[in-house]
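Q:
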Amino acid sequence: MPPSHLTEIVQGIAAIDKLHTCDAVLSGYLGSAEQGEHILGIVRQVKAANPQAKYFCDPVMGHPEKGCIVAPGVAEFHVRHGLPASDIIAPNLVELEILCEHPVNNVEEAVSGSARTHCARATNCVG
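If you want the numbering used here, it's the 1-based position in the sequence shown plus 64.
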């Protein structure tokens with residue numbers, strides 16, 4: 065999907081004066097970092113219309129057996145921009161390691177050290 069199409073959808077919702085009724089923005093797999101930038105623009109628009117709205121980011125980036133499977137720039141986008149903007153994130157183990165920029169070998173590591181430091185930017189982290 066072209067990134068501009070995402071923005072056009074939200075502009076349509078705003079045009080019928082319903083953006084304030086949006087409670088959340090949900091994002092999943094990104095085909096490019098550019099799509100991510102458009103999504104963050106959408107998040108800003110929705111939160112401007114409804115300050116209570118949440119951004120739920122499922123940073124679909126990898127699989128335990130396949131590793132990182134996204135286009136160049138997408139993982140970096142999530143680490144630098146997507147995670148800090150998120151209210152709720154739902155990474156799997158591979159994605160959590162990418163976001164935290166640190167290996168996670170057990171539950172203790174998932175909730176301590178760099179995992180807690182970096183991933184605590186989001187209000188909630190579910191996995």
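A virtual CB, placed ideally from N, CA and C, is assigned to each residue, including glycine. From a predicted model like this one, the values you see are computed outputs, not experimental measurements.
Looking at the structure shown, is alanine 174 part of a helix, part of a strand, or coil, going by DSSP?
A: Helix at alanine 174.
Q: Given asparagine 114, which residues of its chain have a CB within under 8 Å of its CB, disregarding the five upstream and five downstream residues?
A: Correct list, in chain order: Leu83, His84, Thr85, Cys86 and Asp87.
Q: Is cysteine 121 near serine 91, with beta carbons less than 9 Å apart?
A: Yes, these two residues count as a Cβ contact at 9 Å.
Q: Alanine 135: buried (16+ other C-beta within 10 angstroms of its C-beta) or exposed?
A: Its Cβ having fewer than 16 others within 10 Å, alanine 135 is exposed.
Q: Thinking just about the alpha-carbon of each residue, which of His142, Ile162, Ala174 and Ile106 is nearest to the one in glutamine 75?
A: That would be Ile106, whose Cα lies nearest to the Cα of glutamine 75.
Q: May I ask you to report which of helix, strand or coil DSSP gives leucine 94?
A: In the structure shown, leucine 94 sits in coil (DSSP, three-state: anything other than H, G, I, E or B).
Q: In chain order, what residues of the same chain have a beta carbon less than 7 Å from the beta carbon of leucine 157, not counting five sequence neighbours either side?
A: Excluding residues within five positions, the ones whose Cβ falls inside 7 Å are Pro128 and Val168.
Q: Just grab the DSSP bridge partners of alanine 88 for me.
A: Its beta-bridge partners are Lys118.
Q: Could you tell me which residues DSSP pairs with histidine 127 in its beta bridges?
A: Bridge partners of histidine 127: Gly131.
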